[in-house]
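Have a look at the structure below, then the notes.
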Amino acid sequence: MKRNHLIYLKMIELLKDGAFNRSSGYHTFVFSSLSLKEVQSRYVVLRDFIEQNHNLIFFTDKRSPKVKSIIKNNRTECLFYDRIEKIQLRIRTKSFILRDNKEIKKYWDKVPLISRKPYSTKLAPSSTLDSVNIGNQEAFLSNENVFSNFCVVENYIREVDFLSLISDSHKRLKIIIENNQIKIKELIP
Ligand SMILES: Cc1cc2nc3c(=O)[nH]c(=O)nc-3n(C[C@H](O)[C@H](O)[C@H](O)COP(=O)(O)O)c2cc1C
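In C-alpha cells, the structure reads:
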C-alpha cells in the first residue's frame, strides 16, 4: 500500500482540484482514443474525479465519434499539464460509458441550461453540413431526447507517468494501479 506516498497524494490533490476548480490547469485535459488504427485526441473538461476508484469523468454527446471509438476499444489515455505546477500527468485509462440512468441524471441535473444546448441539436456532432441537411442546423430535439444524448464517460486509471519539471531536479515516477493496489516506481526523467 503506497497511498501515503507523497507523489501519489500530490497526484490525487491535482486531479481533485482539476475537477472542482475551473482555474486549475488540470480542469481540461487531452483525451486520446483509437479509432481502428488511428489515434484521435481532443480536449475535454474534467467534470469529476472519484478518488476511491480512481475514476476521471468527462461529459460528451453520445453521438460523437469518441463514444464509438471507446466502445470498440476502451484503452485510452488522458494527458494533463499545468504551467504553474509544471507537472505532466500522462494517464493510461480504461474507459466506459456510464449506463446507470440514476447516476447519469445526477450529473445532468448539475449541467446549467445554457450548457445543455449542444446535446439538443437534431444533427449529430461531427456530421457534415451539406445542402440536404443545412436546413436542420438550427433544429432542436425535445427534452427527453436531449437527455438521451448526454453521455458520462468514466475513465479508470491504470497507470500514471508523473513528470515534474520543477527547477533542475526533474522527477519522474510510474504509479501503477491494479485491483485498487498501488505500486510506485522511480524512473529516469
Ligand atoms: C478547452 C476545450 C474543452 C472541451 N471540452 C469538451 C468536453 O468536455 N466534452 C466534449 O465532448 N467535447 C469537448 N471539447 C470539444 C472536443 O475537443 C472535440 O472537438 C469534440 O468533442 C469532438 O470530438 P470527437 O469528434 O473526437 O468525438 C472541448 C474542446 C476544448 C477546446
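For what it's worth, this note's numbering labels the leading residue of the sequence shown as 46, then goes sequentially.
Each residue gets a CB set at the ideal place from its N, CA and C atoms; glycine is no exception.
Item: Alpha helix (DSSP H) segment containing GLU148, residue limits; Value: 146-153
Item: Counted within 10 angstroms of its Cβ, other Cβ atoms place HIS215 as buried (16 or more) or exposed; Value: exposed
Item: Sub-9 Å separation of ASP106 and PRO170 beta-carbons; Value: yes
Item: CA-to-CA distance, GLU122 to SER78, given in whole angstroms; Value: 7 Å
Item: Near ligand 1: ASP106 beta-carbon under 8 Å from a heavy atom; Value: yes
Item: Stretch pair the stretch 110-124 + the stretch 71-89: three plus CB contacts closer than 8 Å; Value: yes
Item: Unbroken stretches of the alpha helix (DSSP H), 4 residues or longer, contained in the stretch 86-169; Value: 110-117, 146-153, 158-161
Item: Neighbour-count burial assignment, ASN146, 16 or more Cβ in a 10 Å radius; Value: exposed
Item: Range of the contiguous beta strand (DSSP E) that encloses ASP235; Value: This structure gives no information on residue 235, because the portion of the chain shown stretches from 46 to 234.
Item: One or two residues paired with ASN200 in a DSSP bridge; Value: LEU101, SER140
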